[in-house]
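Structure, as structure tokens:
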Amino acid sequence: MPSNAEAAEIFQSIADLLDVLGEKFKPDAYRRAARSIESLTEDLGAIAGRNELRSVPGVGDAIEEKIREYLATGHITYYDKLQQQIPAGVVELLKIPGLGPKTARRFWIELGVEGPAELTAALDAGRLDGVKGFGPKKVAQIRAAVEAFRANANAGARMPIQDAYPIAMALVRGLRQGARAEQVEVAGSFRRGRETVGDLDILVTSVEPERAFDVFSALPQVQEVRLRGGTKETVLLRNGLQVDLRVVEPASFGAALVYFTGSKDHNVQIRSLAKDRGLRVNEYGVTRGEERLAGRTEEDVYRSLGLAWVPPEIREARGEIEAAARGPLPRLVDTPDLRGDLHVHLPADAGPVEVDRLAAAAKAQHLAYLGVVTHGVDAVGDAFELPAAVRTRLAELSTPSLRLARVWEGDGGASAPPVDAAWEIVRPSARHRAPPSATRPNHRIALVAHGPADPADATAWLAFAHSAGAAVEVGPGPERLDSNGARRAREAHVLLGVPTGVGTAEDDPTGPIGLRFARRAGAVPSDVRNSAAQPPFSGASKRGRS
DNA sequence: GCCGTTTTCGGCCCGACTGTTTTCAGTCG
Numbered sequence: 008m009p010s011n012a013e014a015a016e017i018f019q020s021i022a023d024l025l026d027v028l029g030e031k032f033k034p035d036a037y038r039r040a041a042r043s044i045e046s047l048t049e050d051l052g053a054i055a056g057r058n059e060l061r062s063v064p065g066v067g068d069a070i071e072e073k074i075r076e077y078l079a080t081g082h083i084t085y086y087d088k089l090q091q092q093i094p095a096g097v098v099e100l101l102k103i104p105g106l107g108p109k110t111a112r113r114f115w116i117e118l119g120v121e122g123p124a125e126l127t128a129a130l131d132a133g134r135l136d137g138v139k140g141f142g143p144k145k146v147a148q149i150r151a152a153v154e155a156f157r158a159n160a161n162a163g164a165r166m167p168i169q170d171a172y173p174i175a176m177a178l179v180r181g182l183r184q185g186a187r188a189e190q191v192e193v194a195g196s197f198r199r200g201r202e203t204v205g206d207l208d209i210l211v212t213s214v215e216p217e218r219a220f221d222v223f224s225a226l227p228q229v230q231e232v233r234l235r236g237g238t239k240e241t242v243l244l245r246n247g248l249q250v251d252l253r254v255v256e257p258a259s260f261g262a263a264l265v266y267f268t269g270s271k272d273h274n275v276q277i278r279s280l281a282k283d284r285g286l287r288v289n290e291y292g293v294t295r296g297e298e299r300l301a302g303r304t305e306e307d308v309y310r311s312l313g314l315a316w317v318p319p320e321i322r323e324a325r326g327e328i329e330a331a332a333r334g335p336l337p338r339l340v341d342t343p344d345l346r347g348d349l350h351v352h353l354p355a356d357a358g359p360v361e362v363d364r365l366a367a368a369a370k371a372q373h374l375a376y377l378g379v380v381t382h383g384v385d386a387v388g389d390a391f392e393l394p395a396a397v398r399t400r401l402a403e404l405s406t407p408s409l410r411l412a413r414v415w416e417g418d419g420g421a422s423a424p425p426v427d428a429a430w431e432i433v434r435p436s437a438r439h440r441a442p443p444s445a446t447r448p449n450h451r452i453a454l455v456a457h458g459p460a461d462p463a464d465a466t467a468w469l470a471f472a473h474s475a476g477a478a479v480e481v482g483p484g485p486e487r488l489d490s491n492g493a494r495r496a497r498e499a500h501v502l503l504g505v506p507t508g509v510g511t512a513e514d515d516p517t518g519p520i521g522l523r524f525a526r527r528a529g530a531v532p533s534d535v536r537n538s539a540a541q542p543p544f545s546g547a548s549k550r551g552r553s
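With positions in the first sequence counted from 1, the corresponding number in the numbering used here is that position plus 7.
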């Protein structure tokens with residue numbers, strides 16, 4: 008079955024193949040098309056059906072035709088022909104760090120090397136010695152890279168952002184403490200809140216760049232320093248993640264932040280807009296000839312280009328720059344907007360002390376209500392219930408300014424919540440993957456938490472949430488929607504439930520990443536159920552006690 | 001191959017770093 012992901016993959020591969028052939032601009036064109044196809048929230052087939060493929064950024068006559076061929080036949084003749092022309096192993100060579108299309112092509116044409124294994128053999132046989140452009144250091148570097156590549160097939164794989172989050176926070180703390188760094192920010196796709204990150208880009212200002220690099224290299228997470236210059240250092244962490252540290256002048260921090268936050272397409276669009284206006288943008292600032300216009304803050308940089316500031320989460324060249332040129336962008340939902348949390352768990356062995364701690368955390372975050380899961384049906388269908396002492400303590404601590412509601416979480420199957428549940432959370436389980444067929448009249452379903460398993464499932468659950476008047480939960484992890492899902496929810500006029508992370512550990516990604524996903528979907532406060540001052544079914548818990 | 005409130009042709013982001021160079025090419029982000 009054709010899929011957007013597969014189509015994007017094919018165009019990506021075409022770009023790689025054209026790279027090896029030495030094509031100058033086509034590879035970028037195919038990559039741009041691949042990136043925008045990957046980020047679509049709708050099937051290519053549906054877009055093609057409406058005859059709107061050309062509205063996808065980067066898709067012109069030629070690529071539209073290839074998409075149509077792919078949708079009709081499942082393959083692209085142009086791609087098949089390229090594959091016949093170039094051995095698959097030569098494209099594999101491109102995945103080896105430090106080895107690009109020019110080198111791969113030379114190995115193939117001049118040495119007959121058709122893949123990583125043959126490259127190792129050529130190195131062992133000394134066939135690179137004396138080849139023009141390959142001195143002893145280069146040969147050693149290539150040998151190390153190809154060996155590392157062949158030993159670890161997972162190298163270069165992207166990491167889920169929620170896994171990268173605690174690592175990034177630890178690195179930031181380490182830099183703040185030791186490096187006398189004034190401003191520290193993690194940029195790149197991490198800052199944009201992409202679901203996965205390929206590496207981390209950390210930006211700091213420091214009066215002592217050398218010291219920042221020294222401190223960074225010595226952090227316990229760092230395995231090896233890959234390169235180090237005057238302004239940047241690249242290290243490999245023990246868990247395989249690559250991290251770039253860049254030290255910039257305070258006067259350039261904003262420009263560097265824009266530049267290294269990306270996305271690539273956003274930057275390209277910004278630069279070409281600047282060029283149209285006779286300006287020049289780089290990571291040091293915005294200039295007109297010799298005159299320096301901006302650079303210290305992101306707001307300055309965007310303003311100097313005649314643009315409103317663009318939140319990092321939507322810097323994807325999907326129309327945000329045009330919108331920012333027209334005026335201020337809608338204010339995306341942010342932490343202070345979250346007035347409550349619909350879905351909070353306590354540990355199974357929690358006691359009154361944990362409830363006290365949770366209430367204190369909720370007050371610190373100025374939350375007005377929490378839905379604490381006290382009973383329900385777990386993923387394998389067994390009923391569970393928190394100890395009576397916990398439920399009693401929740402009732403004792405619940406006040407008009409902080410409502411602590413006891414909620415029921417189940418899978419929409421036969422088990423139903425008792426009347427003392429303030430509201431119900433429904434999610435799929437192994438037994439009940441599909442949503443309940445109809446809204447059950449006496450239930451108070453406030454939130455749907457569901458896995459992304461299958462787009463068809465997601466559609467069904469969104470429809471269910473809509474008919475039940477329930478929100479859907481966004482955030483990292485298997486039972487929440489990612490940002491693409493959140494965008495689909497918005498398009499389906501379903502409110503989002505955004506986790507606050509209340510009561511979780513310092514480096515827990517649930518709250519911060521959940522918020523980023525919602526923002527990435529373009530959510531404003533009114534798109535978020537728990538930005539309302541009142542909890543759902545606010546009269547219900549009293550009724551339940553009678 | 002894509003794209004256009006200067007263009008339907010002629011551009012296409014731009015700088016850091018490395019290694020092998022005698023002034024630059026390749027890679028990366």
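Glycine residues also receive a C-beta, built at the ideal position from the N, C-alpha and C atoms.
Which word fits residue i, buried or exposed, when buried means at least 16 other C-beta atoms lie within 10 angstroms of its C-beta?
i, result
"GLY292", "buried"
"SER538", "buried"
"ALA412", "buried"
"PHE32", "exposed"
"HIS500", "exposed"
"ASN11", "buried"
"ILE432", "buried"
"LYS549", "Its pLDDT being 41, under 50, LYS549 is placed unreliably in this model, and the value from its coordinates should be taken loosely. It is exposed - the Cβ of LYS549 has fewer than 16 other Cβ atoms within 10 Å."
"THR507", "buried"
"ASP208", "buried"
"ALA332", "exposed"
"ARG245", "exposed"
"SER2", "Because the chain in this structure spans residues 8 to 553, residue 2 falls outside the shown range and cannot be described."
"THR84", "exposed"
Please classify residue i: does DSSP put it in a helix, a strand, or coil?
i, result
"TYR376", "strand"
"HIS350", "strand"
"GLN91", "helix"
"MET176", "helix"
"ILE116", "helix"
"LEU339", "coil"
"LYS239", "strand"
"SER548", "Because SER548 sits at a pLDDT of 40, beneath the cut-off of 50, its placement in the model cannot be relied upon, and the point is left open."
"ALA129", "helix"
"ILE83", "coil"
"THR381", "strand"
"ALA301", "strand"
"SER553", "Per-residue confidence for SER553 stands at a pLDDT of 30, beneath the threshold of 50, marking its modelled position as unreliable; the derived number appears in the next sentence. Coil at SER553, not helix or strand."
"LEU314", "coil"
If you compare alpha carbons, which of the options is closest to residue i?
i, options, result
"TYR376", "LYS33, ALA41, ARG536 and ASP23", "ARG536"
"PHE18", "ARG201, ALA330 and ILE44", "ILE44"
"ILE328", "GLN90, ALA428 and ASP272", "ASP272"
"THR406", "SER422, LEU353, ALA367 and ARG150", "ALA367"
"ALA225", "GLY181, GLY302 and GLU498", "GLY181"
"ASP344", "PHE267, LEU522 and VAL455", "LEU522"
"ALA151", "GLY137, PRO443, ASP341 and LEU130", "LEU130"
"LEU336", "VAL531, GLN91 and LYS102", "VAL531"
"ALA55", "ALA36, PRO94, ALA477 and PRO9", "PRO9"
"ARG615", "GLU323, HIS373 and SER279", "Since the first residue of the chain shown is 8 and the last is 553, residue 615 is not available in this structure."
"HIS439", "GLY285, ALA41 and GLY417", "GLY417"
"ILE168", "ALA177, ALA158 and GLY205", "GLY205"
With residue i as the anchor, note down where its alpha helix (DSSP H) starts and where it stops.
i, result
"ASN11", "11-27"
"SER224", "216-224"
"LYS102", "Neither: LYS102 is in no alpha helix (DSSP H) and is coded neither H nor E."
"PHE524", "517-527"
"TYR412", "It should be noted that the sequence gives Ala, not Tyr, for residue 412. Element bounds for ALA412: not the alpha helix (DSSP H) but the beta strand (DSSP E), 410-417."
"GLN148", "143-158"
"THR212", "No alpha helix (DSSP H) holds THR212; the beta strand (DSSP E) holding it covers 206-213."
"ASP272", "271-283"
"GLU45", "33-45"
"ILE328", "327-333"
Where do the N-terminal and C-terminal ends of the beta strand (DSSP E) with residue i fall, by residue?
i, result
"GLY292", "292-295"
"ASP307", "First-last for ASP307: 305-311, but that is the alpha helix (DSSP H), not the beta strand (DSSP E)."
"PHE391", "390-392"
"VAL455", "452-455"
"ALA188", "188-193"
"VAL479", "478-480"
"ASP251", "249-255"
"ARG134", "Element bounds for ARG134: n/a, residue is neither H nor E."
Can you tell me the Cβ-Cβ gap for residue i and residue j, rounded? I've got them flagged as a contact below 8 Å.
i, j, result
"ARG451", "PHE544", "5 Å"
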